[in-house]
Amino acid sequence: MQGMMMNRPLRIADILTFAEDVHGSAEIVSATVEGGIHRYTYKDAALRSRKLAQALLRLGVTPGQRIATLGWNGYRHFELYYAISGIGAVCHTINPRLSVEQMSYIVSHAEDRILCLDLTFVPLVEAILDHLPKGLRFIIMTDRAHMPETKLPGALCYEDLVEPETGDYEWPEFPEETASSLCYTSGTTGHPKGALYTHRSTVMHALMAGVSFLECLRPGRRILPVVPLFHVNAWGLPYAAPLTGASIVFPGPQLDGASLFKLMDEQKVFSAWGVPTVWLGLLAEIRKHGRIPEGFGEVIIGGSAAPRSMIEAFEDLNVSVCHAWGMTEMSPIGTQGSLAPPLTDLPKEKQIDLKSTQGRRTFGVELKIVDANGQRQPHDGVATGELFVRGNTIVSGYFNNQEASEAAFDAEGWFRTGDVASISPDGFLTITDRAKDLIKSGGEWISSIDLENMAIAHPDVANCAVIAVPHPKWDERPLLIVVPAEGAKPDKEEILAHLAKGLAKWQVPDDVIFVDTLPLTATGKVSKLTLRQIYADHSLPEAG
Ligand code: ADP
């Protein structure tokens with residue numbers, strides 16, 4: 001028997017309208033590209049998003065069209081999120097750190113009609129203009145006073161577009177499965193693949209985040225997304241924050257430790273969200289100041305494994321760590337590790353053990369691990385297997401890419417994550433590694449994440465990565481690449497001896513290489529692909 005309740009479509013614009021009605025005075029504070037701080041409320045943001053929607057319609061944007069953004073974390077980018085999806089078009093966020101080939105590929109593949117870009121990116125786009133589709137229009141996200149001389153044909157000024165509109169506009173209704181935004185994975189092999197989110201998946205994800213991150217997603221809190229709006233919707237924060245009444249502090253283009261410390265201190269940020277490499281910079285700055293930014297109480301770490309030593313460093317400063325795992329294809333949050341009673345009564349060391357895992361699933365995300373034959377493995381904390389996921393916030397295929405779509409799912413319709421993991425009886429997920437980063441040595445697997453966690457705990461190591469290099473006898477052996485801590489002169493033998501303490505002999509890396517910096521991917525993670533290419537011919541001591 002069918003129930004008898006209304007079935008109203010879930011729409012992204014309703015989140016902002018709700019924030020306007022209920023959390024109207026909560027703020028969006030932005031460090032701007034032009035310089036200085038801009039601040040306004042959700043009420044202001046809602047009005048300006050409606051004006052922007054009117055402006056886009058005036059430009060002839062129609063439902064389903066893709067409108068691209070190339071922008072830092074700031075209030076205009078936030079408005080574009082709501083205005084573009086609100087009129088039924090698709091907000092395609094582009095990662096500015098992609099290569100020219102990747103960027104021109106995705107703009108063409110997405111068939112973007114308009115590209116909205118921050119001032120910073122004008123030279124970048126001018127330089128690749130010849131590689132972009134003809135007829136692409138440009139909106140520069142600034143005001144008249146800052147409009148640059150540019151050879152981008154017909155470039156429009158964002159504020160000039162918004163200013164004449166009234167904001168007297170009702171968001172249209174459409175089915176909740178309507179596409180809302182598009183984000184391409186950075187595509188370490190082959191072309192980037194597009195995850196095409198819907199209004200329904202986005203609203204569901206915001207609700208799921210809202211019941212997961214209870215410390216920060218609530219009125220009165222101020223959250224800093226260092227994770228970019230150009231990568232998986234800044235982990236959904238631009239939706240979850242207005243929904244729950246938390247204020248947002250956008251960092252703009254300055255993402256180094258010193259700039260983040262200053263902004264967090266001045267704006268009394270409670271919770272900051274980002275990848276581990278960003279927190280290395282902030283921790284160094286905290287050490288310089290001998291204190292944490294005022295009001296700082298929580299850090300959400302995801303995107304790659306948070307080393308235990310990083311978790312301990314924050315917890316020692318009374319900053320609570322929540323370690324989260326997810327993927328572009330999952331909107332992105334899959335699991336998160338904030339602890340609630342009775343787990344908060346455990347001894348601190350045990351709590352850190354749990355926080356070092358990737359946490360437990362959020363509502364609506366199902367997890368399974370399988371062996372090489374597709375057989376389900378037990379959730380006993382011991383068995384490992386390839387991780388598959390299922391749920392309402394997970395892609396059902398890739399945008400206009402049948403081949404990739406077919407390869408992404410198993411016979412039961414679960415999405416293949418490409419990660420290898422174990423799951424404990426009480427639901428804590430531990431990512432052993434990305435399948436392609438595991439080191440296969442003599443038929444045994446070595447987790448690069450485990451080795452990195454141990455190496456980075458050494459005081460002379462600022463950052464590190466472990467990769468597989470080919471070996472004539474063992475197929476692959478681990479190579480440790482270390483960025484020394486400032487002023488430190490680490491010794492190879494001593495570092496290996498430090499690792500040997502916690503490892504079987506065959507797990508200890510065969511060699512250590514010292515470098516000034518590690519290559520990063522477009523999403524700020526250490527690029528192991530690049531490292532594997534650089535050190536493909538590295539001859540290990542034992543191998544001669
Ligand atoms: P990209 O690699 O292009 O940035 P994603 O952000 O979608 O794309 O990356 C998702 C992958 O990042 C996951 O499949 C996993 O390998 C890794 N990852 C994300 N969060 C964590 C985490 N907390 N611990 C370990 N790995 C993580």
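Numbered according to full-length UniProt numbering, the sequence shown terminates at residue 544, and the numbering increases by one at each position without gaps. Every residue gets a Cβ at the ideal spot worked out from N, C-alpha and C, and that includes glycine. Computed from a prediction, not measured in an experiment: that's the story for all the values here.
Check: Verify whether the separation of the beta carbon atoms of Y81 and P228 is less than 9 Å.; Outcome: no
Check: Give me the DSSP bridge partner(s) of V249.; Outcome: V29
Check: Here's the rule I'm using: 16 or more other beta-carbon atoms within 10 Å means buried, otherwise exposed. How should M5 be labelled?; Outcome: exposed
Check: With which residues is R48 paired in a DSSP beta bridge?; Outcome: R48 is not bridged to any residue.
Check: Determine the DSSP secondary structure at F514, reduced to helix, strand or coil.; Outcome: strand
Check: How many Å lie between R113 and A31 at the Cα?; Outcome: 28 Å
Check: Count the other C-beta atoms from every protein chain shown that fall within 10 angstroms of the C-beta of F250, then say buried if there are 16 or more, exposed otherwise.; Outcome: buried
Check: Compute every distance between the C-beta of A462 and the non-hydrogen atoms of the ligand ADP, then say whether any falls below 8 Å.; Outcome: no
Check: On the DSSP bridge list, what partners appear for N463?; Outcome: V483
Check: Since residue 553 is in the beta strand (DSSP E), which residue starts that stretch and which ends it?; Outcome: Look at the range of the chain in this structure, 1 to 544, and you will see that residue 553 is not part of it.
Check: With which residues is T430 paired in a DSSP beta bridge?; Outcome: S422
Check: How close, in whole Å, do the beta carbons of L70 and F18 come, if the pair is a contact with beta carbons under 8 Å?; Outcome: So it is not a contact: roughly 29 Å between Cβ atoms.
Check: Report the start-end ranges of each beta strand (DSSP E) in the region 328 to 397 that is 3 residues or longer and not cut off at the edges.; Outcome: 333 to 336, 365 to 370 and 385 to 391
Check: Between M330 and E412, what straight-line distance do the alpha-carbon atoms span, to the nearest angstrom?; Outcome: 17 Å
Check: I84 and I94: beta carbons closer than 9 Å?; Outcome: no
Check: On the DSSP letters alone, give me the boundaries of the alpha helix (DSSP H) that A306 sits inside.; Outcome: From DSSP, A306 is part of no alpha helix (DSSP H); its letter is neither H nor E.
Check: Are there any heavy atoms of the ligand ADP lying less than 8 Å away from the beta-carbon of H538, as far as the coordinates show?; Outcome: no
Check: In this structure, does DSSP put L70 in helix, strand or coil?; Outcome: strand
Check: Helix, strand or coil for A19 per DSSP?; Outcome: helix
Check: Work out the CA separation of G60 and D537 for me, nearest whole Å.; Outcome: 54 Å
Check: Which first and last residues belong to the alpha helix (DSSP H) in which Y169 is found?; Outcome: Y169 -> no alpha helix (DSSP H), and no H or E assigned at all.
Check: Where do the ends of the beta strand (DSSP E) carrying Y101 lie?; Outcome: The sequence as given places Glu at residue 101; Tyr does not occur at that position. Per DSSP, E101 belongs to no beta strand (DSSP E); it is in the alpha helix (DSSP H), V100 to A110.
Check: Just how far apart, CA to CA, sit L283 and G502?; Outcome: 25 Å
Check: Beta-carbon separation of D510 and L479 under 9 Å?; Outcome: yes
Check: Among residues of its own chain, excluding the 5 on either side of V299, which ones have a beta-carbon nearer than 6 Å to its beta-carbon?; Outcome: A272, F314, V319 and V321
Check: Whole-angstrom Cβ separation of S424 and Q336, contact assumed at under 8 Å?; Outcome: About 15 Å; that fails the 8 Å criterion.
Check: What number of angstroms, rounded off, separates the C-alpha of R360 from the C-alpha of V389?; Outcome: 13 Å
Check: Let me check one thing: in DSSP terms, what residues is G274 bridge-paired to?; Outcome: I301
Check: With hydrogens ignored, establish whether the beta-carbon of I450 is closer than 8 Å to any heavy atom of the ligand ADP.; Outcome: Note that residue 450 is Asp in the sequence shown, not Ile. Checking every heavy atom of the ligand ADP against the Cβ of D450, none is found closer than 8 Å.
Check: What number of angstroms, rounded off, separates the C-alpha of P123 from the C-alpha of H131?; Outcome: 14 Å
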